[in-house]
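Read through the structure below, which is laid out as structure tokens, and then see the notes.
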Amino acid sequence: MRSLVGLIAVVATASLYLYSLSLYLPAAPRRRPHPAADRKHVETEVSTDSSEEPSSRLKFPSDLEELRELAELLQFYKTEHTGYVLLLFCSAYLYKQSFAIPGSSFLNILAGAIFGPYQGLLLASVLTTVGSTMCYLLSQAFGKRYIVTLFPDKVSMLQRKVGENQDCLLFFLLFLRFFPMTPNWFLNMSAPIVNIPITFFFCSVFIGLLPYNFICVQTGVMLSEVASLDDLFSWERLLQLLAIACMALLPGALIRHFSQKRLKLDVQTQNGLITDKKVQ
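Under our numbering, the letters of the sequence shown match residues -6 to 273, in that order.
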């Protein structure tokens, strides 16, 4: 009971902090007037936009349309309030990752749209790793009994696989990130239960999710640059997508080649999914 109360207190505190941070939204920066003949119309439009930027629009995106609107809003604030936007983005990302809330892919795309390909990838990779580690620590402190009760079969299977691959545990964890036998959120929560060292866990998250973060961030960069379908299906964009796919698939191919020789998985691939191989 004490662990449940502690977890509720942590969630409530983090939620209150994030809500308070969204309330203290700085005043919107003034947009430069467009070089149009009707200056009065432009000034009226700018003042109206500035007064109608409610803080309620700062919410987690649930689809690409909301994601694009949020990216435009944060880009608008970033010009004069870079520190606030960075703090808000990092806080929201760590909140979702720490409490295993789905939707981190949208925030990775948002990182690319706001911060660009290099800073966005660095931010996404660091925040993914730190947030997953916080989830690991929260599970270790509060959630062990509940996770075992809710997912006894999955925990037992993962514990058996970890025991069988102790001699190459880091590569086994990398394999799980590239070709997940279980969802990432479950692996984050169950890792302390099956005695995965936090150092191995930290390294496997940072390295293993790099290709995924890279694809999402590059998608965000293209989303911020594409203005029409013609731009999306240009030869430049298609070649860029091909290069992104090749770079993202290469680490997974190397890990899979190693796993076939060293790891004890007892799994088989069916239509790209990893499933347990049934013993006859």
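Just so you know, even glycine gets a beta-carbon here, dropped at the ideal spot from N, CA and C.
On a predicted model such as this, the values are computed, not experimentally measured, just so you know.
(1) Would you mind working out which of Val(-2), Val187, Leu66 sits nearest Ser149, comparing C-alpha positions?
(2) Would you kindly check if the distance between the Cβ of Phe82 and the Cβ of Leu131 is under 9 angstroms?
(3) Look at the alpha carbon of Leu79 and the alpha carbon of Val4, and state the distance between them as a whole number of angstroms.
(4) Can you tell me where the alpha helix (DSSP H) with Tyr205 in it begins and where it stops?
(5) Contact check, Asn101 vs Cys209 under 8 angstroms by CB: the rounded distance?
(6) So, under 8 angstroms CB-CB, Phe193 and Leu151 are touching, yes? Tell me the CB distance rounded to an integer number of Å.
(7) Write down the C-beta distance between Asn181 and Tyr111 rounded to the nearest angstrom, noting that I regard them as a contact closer than 8 angstroms.
(8) Using only the alpha-carbon positions, how far apart do His74 and Leu18 sit?
(9) Please report the distance separating the alpha-carbon of Ser98 from that of Val(-2).
(10) Can you check which of these residues, Leu11, Gln90, Leu163, Asp146, is closest to Pro190 by C-alpha distance?
(11) Determine the direct distance from the alpha carbon of Phe168 to that of Gly201, and round the result to whole angstroms.
So, from the listed chains and residues:
(1) One-based indexing of the sequence shown puts residue 149 at position 156. When the alpha-carbon of Ser149 is set against those of Val(-2), Val187, Leu66, the nearest one is in Val187.
(2) Within the sequence shown, residue 131 is the residue found at index 138, counting from 1. Within the sequence shown, residue 82 is the residue found at index 89, counting from 1. The answer is no: Cβ separation not under 9 angstroms.
(3) Residue mapping note: residue 79 aligns to position 86 of the sequence shown, counting from 1. Residue mapping note: residue 4 aligns to position 11 of the sequence shown, counting from 1. Distance from the CA atom of Leu79 to the CA atom of Val4, rounded to whole angstroms, is 22 angstroms.
(4) By 1-based counting over the sequence shown, the position of residue 205 is 212. In this chain, the alpha helix (DSSP H) harbouring Tyr205 covers 203 to 218.
(5) Within the sequence shown, the letter at position 108 stands for residue 101. Within the sequence shown, the letter at position 216 stands for residue 209. Contact flag correct, Cβ pair sits at about 3 angstroms.
(6) Locating residue 193 in the sequence shown gives position 200, where the first residue counts as 1. Locating residue 151 in the sequence shown gives position 158, where the first residue counts as 1. Between Leu151 and Phe193 the Cβ distance is about 14 angstroms, and since that is not below 8 angstroms, they are no contact.
(7) Against the sequence shown, residue 181 aligns to sequence position 188. Against the sequence shown, residue 111 aligns to sequence position 118. Between Tyr111 and Asn181 the Cβ distance is about 26 angstroms, and since that is not below 8 angstroms, they are no contact.
(8) What you label residue 74 is simply residue 81 of the sequence shown in a count that begins at 1. What you label residue 18 is simply residue 25 of the sequence shown in a count that begins at 1. In this structure, the straight-line span from the alpha carbon of His74 to that of Leu18 is close to 10 angstroms.
(9) Within the sequence shown, numbered from 1, the residue matching residue 98 stands at position 105. Within the sequence shown, numbered from 1, the residue matching residue -2 stands at position 5. Whole-angstrom Cα-Cα distance: 30 angstroms.
(10) If you number the sequence shown from 1, residue 190 lands on position 197. Selected option, being the one with the closest Cα: Leu163.
(11) As a working note, residue 201 is residue 208 in the sequence shown. As a working note, residue 168 is residue 175 in the sequence shown. Their backbone Cα atoms lie some 8 angstroms apart in a straight line.
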